[in-house]
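First the structure, in the form of structure tokens, and then the observations on it.
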Amino acid sequence: MHETAPRRLLVTSALPYANGHIHLGHLVEYIQTDIFVRFQKLRGNKAVYICADDTHGTAIMLRAKSEGRSEQDLIAEMQQAHRSDFDGFHVAFDHYGSTDCPTNRRLCGEIWQSLHAAGLIVRRDVQQLFDPTAGVFLADRFVKGTCPRCQAADQYGDSCEACGATYSPADLIDPRSTLSDGLPEVRSAEHLFVELEKMHGFLDEWTQRSGALAAPIANYLAGHFLGEALRDWDISRPAPYFGFEIPDFPGHYWYVWFDAPIGYLASTADWADAHGESFDAWWKPSAEGTGVEIHHFIGKDITYFHTLFWPAMLQAAGLQLPAGVHVHGFLTVNGQKMSKSRGTFILARTWLDHVDPEMLRYFYASKISGGIDDLDLDLNDFVAKANADIVGKIVNLASRTMRWLVESGLSASYPDDGGLFARAAAEGEDIAAAYDAGDLARAMRMIMQAADRANAFVDERQPWKLAKAGPDAAAELQDVASIAVNLFRQLMVYLAPVMPALAEEAAALVGGPILAWNDAQTPLVGCAVKPFQPLKARVTPEQIAAVLAASQQSTPASETSPNQASSKTKGSPMDDTVETPADAPSPSPLDAEPLAAECTIDDFTKVDLRVARVLSAEEVPEARKLLKLTVSLGGDTTRTIFAGIKGHHEPASLVDRLVVVVANLAPRKMKFGLSEGMVVAASGEGAEGVFLISPDTGALPGMRLR
RNA sequence: GGGCCCGUAGCUCAGCGGUUAGAGCAGGGGACUCAUAAUCCCUUGGUCGUGUGUUCGAUUCACACCGGGCCUACCA
């Protein structure tokens, strides 16, 4: 039992970026944070769950432009979608704001002044490539060209994947903008920087000794950043940019990563205003210490921002430092990175359309142990575990015993259960400690062990025999069932942070609302029991198949392709589209892959299909699926093409064969070299085999298909 | 190219310097029939990725290698 005064906790999840929908990877974070907050509230602590949409940056600007609408319109729509997804998964924020709001602008200004006052801001020229056609400055990965060192073509602006050289985009030979394909020009622009090095001493101390960071994170920071001078942080972007204009630097905007974490503050401020609370009481450390704990839950990809820049900003501004930065790993599905072609890139909405969200909450909880390891959602495992644990063990306990109490209610005093209830009650503090430490897997294990004991008890006492034995056994039957139902209720208390809806429904059948963790300490006696209702339906393989099928449908053209298997939320507004192999399981080719949207003859003629002769074909030893082909388009024109047909064709059998290639496909840098086209082949979604297309005899290399 | 994480039973994971390495699920056998083909009991199964080193002692620590996953921001 906790005798101490209630704790005050301000808890955040990373702000989801307004450029994409919530997917199962994001939910690892939001679900685990929500469980933490619900747990704290159940324990009687004062906990506030704060989040917001992250709305600024180049990606939003470009997308709004391409969709012909305002940024505000875009982010408002996305916020609505995010909130609806979170609601569906019972993620209950105390406040969900937006970084594009007046409060955030005001607080950005205040923090900015603090940074100035601390003498941390410097101004410096930066040479950067500018795309005159698109009218924007180009981040390195938006520039491609020839490597100045090894002459490899089609390299990104910062480094060469062929020879490993690193350079500035301005050094590239024949640089091109990937936005417009136009020729970028070098422009010099002034940027503002935060001199993080001036905070080095503070960061050494805070990261290594505050206790806010797990050892692996602290070690990582010590080994990779704190061992040398910290680099200045470029915090401004020249117009055009979607964000807040810097008051004392007109024409320039705060970089999205400056205003995003300040969104935690702004969202708290708006929550405080709406609930008669004081912002200062939560973020301004008082002399005697307010006792507030700030907890940030983040994915490991954004560790850098939350453990160096953010604490430095808070420190400079005289604000409360985080008590804990909880870093988690990424989600894989069926052991692999989420993939659209495999149907495992699953949006929150798609899951909600087909499968019980609380089952996913439970499954995640059963696998989250507070470390930074990746978490695997094996869908077969998911079905087995959700059904076995939740339906078979927990709900079954009520399902098999409540019926005998509808008439009589619970026994007037709690019967002798051989110490079962007391044992599970005693374990309450251990389970609580596991929840508090973020080791949800351990908490779930302990809960399931208690459920096992309860089921064994029912088996041993055989209430069904007592039911048949008539009036003489009625009292014992009532006692046995009362024990089972109390053990069930106790489990519901422990499980309530993970499965709030289930707990609520169960509470409606017997005992009333679960209000406190300590409800698990005292058995219910003498109260009424309503007829049992099936509290949870089993998850079926068909539901999972439906999710995969729905996730496999091609996304609308306006949809960007978030390239993350994580809850990554920001910082990479500039994701490229992922290149994914097409190998998905499902029946009948036409059913599995419906016809694409209608296109015009003009669309078709944009694709230049040519007959080609394979000159050579060789294995790429390190590649799982690729063969390296050299094909002739007639005359001296040859192309090197990496084709994903390894395992389906023997290289030797391909030589001299006529095939069809897409001759005007943009060259694609692949791990093993540059691919200058694509060999056309037939394959079915879910069907085995890749079948090359060959022309009739008489066709010549270079002939066009029309 | 750089970096991080992980490799323990068929699967998902726990253990992390010290007696015969654990759990759940799956598999095998039995029991029960109240329950959403749920539950209970028994049971098969592992040279703890490989190699060196440190140590009285290594699954546990260090290094290397192999394999897998992930990140890579104008900043790693």
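Count along the first sequence starting at 1, add 1257, and that's the number in our numbering. A virtual CB, placed ideally from N, CA and C, is assigned to each residue, including glycine. As the structure is a prediction and not an experimental result, all values here were calculated from the model.
Given residue i as reference, the closest of the options once Cα atoms are compared
i: Y1625; options: I1430, H1583 and K1594; result: Per the sequence shown, residue 1625 should be read as Ile rather than Tyr. Taking only the C-alpha atoms, the option nearest I1625 is H1583.
i: S1670; options: R1680, G1695 and V1737; result: V1737
i: N1361; options: K1322, Q1384 and T1312; result: T1312
i: V1451; options: Q1337, W1567 and T1560; result: W1567
i: I1443; options: D1388, L1478 and A1691; result: Looking at the sequence itself, residue 1443 is Val, so the reference to Ile does not match. Residue D1388 is the option with its Cα nearest to V1443.
i: G1934; options: F1899, V1916, A1806 and L1792; result: F1899
i: D1673; options: S1355, A1573 and L1734; result: L1734
i: T1779; options: E1799, P1791, R1680 and V1937; result: R1680
i: T1390; options: D1438, K1322 and V1305; result: D1438
i: D1428; options: W1540, Q1385 and S1467; result: Q1385
i: Q1297; options: R1914, K1793 and L1752; result: L1752
i: Y1521; options: G1354, I1332 and S1889; result: G1354
i: L1915; options: V1888, I1519 and T1894; result: V1888
i: D1638; options: P1791, L1299, V1796 and I1474; result: V1796
i: Q1572; options: W1540, I1559 and G1586; result: W1540
i: R1265; options: V1294, G1458, D1382 and L1766; result: V1294
i: G1581; options: D1693, W1661 and M1659; result: D1693
i: V1912; options: I1740, K1885 and T1894; result: K1885
i: L1662; options: V1782, G1959 and A1321; result: V1782
i: D1344; options: A1758, A1304 and S1493; result: A1758
i: Q1790; options: G1892, E1761, A1304 and D1382; result: E1761
i: Q1577; options: E1550, F1350, P1798 and T1560; result: E1550
Straight-line Cα distance separating residue j from residue i
i: R1433; j: L1440; result: 5 Å
i: P1846; j: A1869; result: With a pLDDT of 42 at P1846, under the threshold of 50, the modelled position of this residue cannot be trusted, and the question is left open.
i: G1556; j: S1873; result: 45 Å
i: G1500; j: P1359; result: 12 Å
i: P1273; j: Q1747; result: 35 Å
i: I1629; j: F1562; result: 16 Å
i: K1455; j: C1308; result: 30 Å
i: A1803; j: Q1336; result: 26 Å
i: A1526; j: D1489; result: 29 Å
i: E1684; j: A1691; result: 11 Å
i: L1453; j: L1487; result: 6 Å
i: Y1512; j: V1652; result: 50 Å
i: E1850; j: D1709; result: Because the pLDDT at E1850 is just 45, under 50, the model does not fix this residue reliably, and the value given afterwards should be weighed accordingly. Going by the C-alpha atoms only, they are around 45 Å apart.
i: P1728; j: G1649; result: 30 Å
i: L1436; j: F1394; result: 11 Å
i: F1515; j: L1364; result: 11 Å
i: G1548; j: A1531; result: 22 Å
i: K1597; j: I1332; result: 24 Å
i: G1458; j: S1467; result: 13 Å
i: M1258; j: A1707; result: Low per-residue confidence applies at M1258: pLDDT is 48, beneath 50, and the placement is therefore not dependable enough to give any value.
Host alpha helix (DSSP H) of residue i (start-end)
i: H1339; result: E1328 to G1345
i: L1364; result: P1359 to A1374
i: L1284; result: L1281 to L1299
i: P1432; result: Premise fails: P1432 lies in the beta strand (DSSP E), I1430 to S1434, not in any alpha helix (DSSP H).
i: A1707; result: L1697 to R1718
i: G1685; result: G1685 to D1693
CB-CB length for residue i against residue j, believed under 8 Å
i: G1592; j: A1785; result: G1592 to A1785, Cβ: 48 Å. No contact.
i: I1647; j: K1793; result: 6 Å
i: G1314; j: P1263; result: At roughly 39 Å, the Cβ-Cβ gap does not stay under 8 Å, so G1314 and P1263 are not in contact.
i: L1470; j: A1569; result: Rounded, the Cβ-Cβ distance is 14 Å, inconsistent with contact.
i: R1320; j: N1276; result: 6 Å
i: R1963; j: R1867; result: Not confirmed; about 10 Å, so no contact.
Run of the beta strand (DSSP E) containing residue i, from where it starts to where it stops
i: D1382; result: I1378 to D1388
i: S1493; result: S1493 to P1495
i: S1355; result: H1352 to S1355
i: D1558; result: D1558 -> no beta strand (DSSP E), and no H or E assigned at all.
i: R1914; result: Counting along the chain, R1914 falls outside any beta strand (DSSP E), and DSSP gives it neither H nor E.
i: G1581; result: G1581 to H1585
i: S1889; result: L1884 to S1889
i: S1445; result: E1442 to V1451
i: D1310; result: K1303 to D1310
i: K1642; result: Not the beta strand (DSSP E): K1642 falls in the alpha helix (DSSP H), residues L1636 to K1642.
i: A1900; result: T1895 to A1900
Does the pairing of the region 1368-1376 with the region 1526-1537 give three or more beta-carbon distances under 8 Å? Cβ pair count under 8 Å is below three, so no.
For the region 1315-1331 against the region 1288-1301, are there 3 or more C-beta pairs whose distance is under 8 Å? no
Cβ contact (3+ pairs, closer than 8 Å) linking the region 1718-1735 and the region 1695-1702: no
Closer than 8 Å is the cut-off here; do at least three beta carbon pairs connect the region 1596-1609 with the region 1277-1284? yes
Quick one: any contact between the region 1493-1510 and the region 1473-1480, if contact means 3 or more CB pairs under 8 Å? no
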